[in-house]
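*Asks:* Numbering (numbering that gives the first Met the number 0), first residue to last: 0 to 193.
Glycine included, every Cβ here is placed at the ideal spot set by N, Cα and C.
These numbers come from a predicted model, not from an experiment.
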Amino acid sequence: MITVACDAKGAEAAAPFITAANPSHPSLIDRHHAVPELYNTRNVPAAFWIDEAGRIVRANDPIYIQRRNRETGETTINEQYLNAVRDWVKNGSASIYVTPPAETARRMGALDAENAEANAHFRLGFYLHEQGHTAEAIAQFKRAHALKPDNWNYKRQAWNLGNIEQDYGMTTREAFAGGIPLYPPLELPQAPAG
Numbered sequence: 000m001i002t003v004a005c006d007a008k009g010a011e012a013a014a015p016f017i018t019a020a021n022p023s024h025p026s027l028i029d030r031h032h033a034v035p036e037l038y039n040t041r042n043v044p045a046a047f048w049i050d051e052a053g054r055i056v057r058a059n060d061p062i063y064i065q066r067r068n069r070e071t072g073e074t075t076i077n078e079q080y081l082n083a084v085r086d087w088v089k090n091g092s093a094s095i096y097v098t099p100p101a102e103t104a105r106r107m108g109a110l111d112a113e114n115a116e117a118n119a120h121f122r123l124g125f126y127l128h129e130q131g132h133t134a135e136a137i138a139q140f141k142r143a144h145a146l147k148p149d150n151w152n153y154k155r156q157a158w159n160l161g162n163i164e165q166d167y168g169m170t171t172r173e174a175f176a177g178g179i180p181l182y183p184p185l186e187l188p189q190a191p192a193g
C-alpha cells in the first residue's frame, strides 16, 4: 500500500493529515499533480489496485475507508470495500473485484485532447501562481475548469491557492451544490453469499 497526497501547497497542507493518520506504509506528497494527470483522476480519494506485476487491476475507486457523518460526526468503517480488498489479497487475479483490462481503462477515462488541454491550462495556472502572476493564473484555472467541469482536483487546488469567492464568484457550498457530482459511482459486484 502507498498513499499519495495531491496538494498544490505541498507538505504545508498535506503533512498534518499524514501525521494524524500515522500510516504504516509510505505516504508521498504530489505538489505538481503528476498522479492525477497520469491516471486521470477527478477527485480524491481515488483508489487503484496494482498487482505484483505492476498491472492496474482496479482503477479510480472513489473510496473513503473511514466515513464521517457530516451531521453527527460519527465515523464508520467501510467494511464492504475492505472486504473487497481482502478478497483480492486472498484470491489475486481470480477475485470478483478485479476488473477486466477494458473496464479498468474505462474507469480511468480517455487521455484525450480535451483532457490534455485542460491539464495544460491547470499546470500553467499553477506555474503562474508560483511566479506571483495571480490574475493570469486564475484565468488559466478557469479555462481548465471550463474544459473539465467534473474535475474537482482542478477546482479544489485552484480555490485552495486563492479566494474562491473573490476569484471565482461563489462559495464552496455553492460549488458543491452546483449539480456536478464530486465522484463517479463506486461500482462493486455483490459479495458471494456465505
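What residue range does the beta strand (DSSP E) around V56 cover?
*Replies:* First-last of the beta strand (DSSP E) with V56: I55 to D60.
*Asks:* DSSP three-state call for R66: helix, strand or coil?
*Replies:* R66: strand per DSSP, three-state reduction.
*Asks:* Taking all protein chains shown into account, do 16 or more other C-beta atoms lie within 10 angstroms of the C-beta of L146, making it buried, or fewer, making it exposed?
*Replies:* Its Cβ being crowded by 16 or more others within 10 Å, L146 is buried.
*Asks:* For N39, I'd like the list of residues in its chain whose CB is within less than 7 Å of its CB, leaving aside the five on either flank, ordered along the chain.
*Replies:* Excluding residues within five positions, the ones whose Cβ falls inside 7 Å are M107, G108, L110 and N114.
*Asks:* Looking at C-alpha atoms only, which residue of Y182, I95, D149 and Q130 is the closest neighbour of A192?
*Replies:* Comparing Cα positions, the closest option is I95.
*Asks:* What residue range does the alpha helix (DSSP H) around V34 cover?
*Replies:* Note, V34: alpha helix (DSSP H), A33 to Y38.
*Asks:* Using alpha carbons as the reference points, say which of A157, Y63, A138 and N82 lies closest to T74.
*Replies:* The shortest C-alpha separation from T74 is found at Y63.
*Asks:* Quick one, are the C-beta atoms of T103 and V34 less than 8 Å apart?
*Replies:* No, Cβ-Cβ distance for T103 and V34 is not below 8 Å.
*Asks:* Note the first and the last residue of the continuous alpha helix (DSSP H) segment covering L81.
*Replies:* E78 to N90 is the span of the alpha helix (DSSP H), which, as asked, contains L81.
*Asks:* Between which residues of its own chain and F121 is the CB-CB distance below 6 Å, once the five residues before and five after are set aside?
*Replies:* Contacts found: A143 and Y153.
*Asks:* Can you tell me whether I76 is buried or exposed, with buried defined as 16 or more other CB within 10 angstroms of its CB?
*Replies:* The residue in question, I76, is exposed, as its Cβ has fewer than 16 Cβ neighbours within 10 Å.
*Asks:* Buried or exposed: which applies to A58, given that a residue is buried once 16 or more other Cβ atoms fall within 10 Å of its Cβ?
*Replies:* By the 10 Å Cβ count, A58 comes out buried.
*Asks:* Tell me the residue span of the alpha helix (DSSP H) that contains T133.
*Replies:* Taken as a continuous stretch (DSSP letters only), the alpha helix (DSSP H) holding T133 covers T133 to L146.
*Asks:* Where L127 and T133 are concerned, what is the direct C-alpha to C-alpha distance, given to the nearest angstrom?
*Replies:* Cα-Cα distance, rounded: 7 Å.
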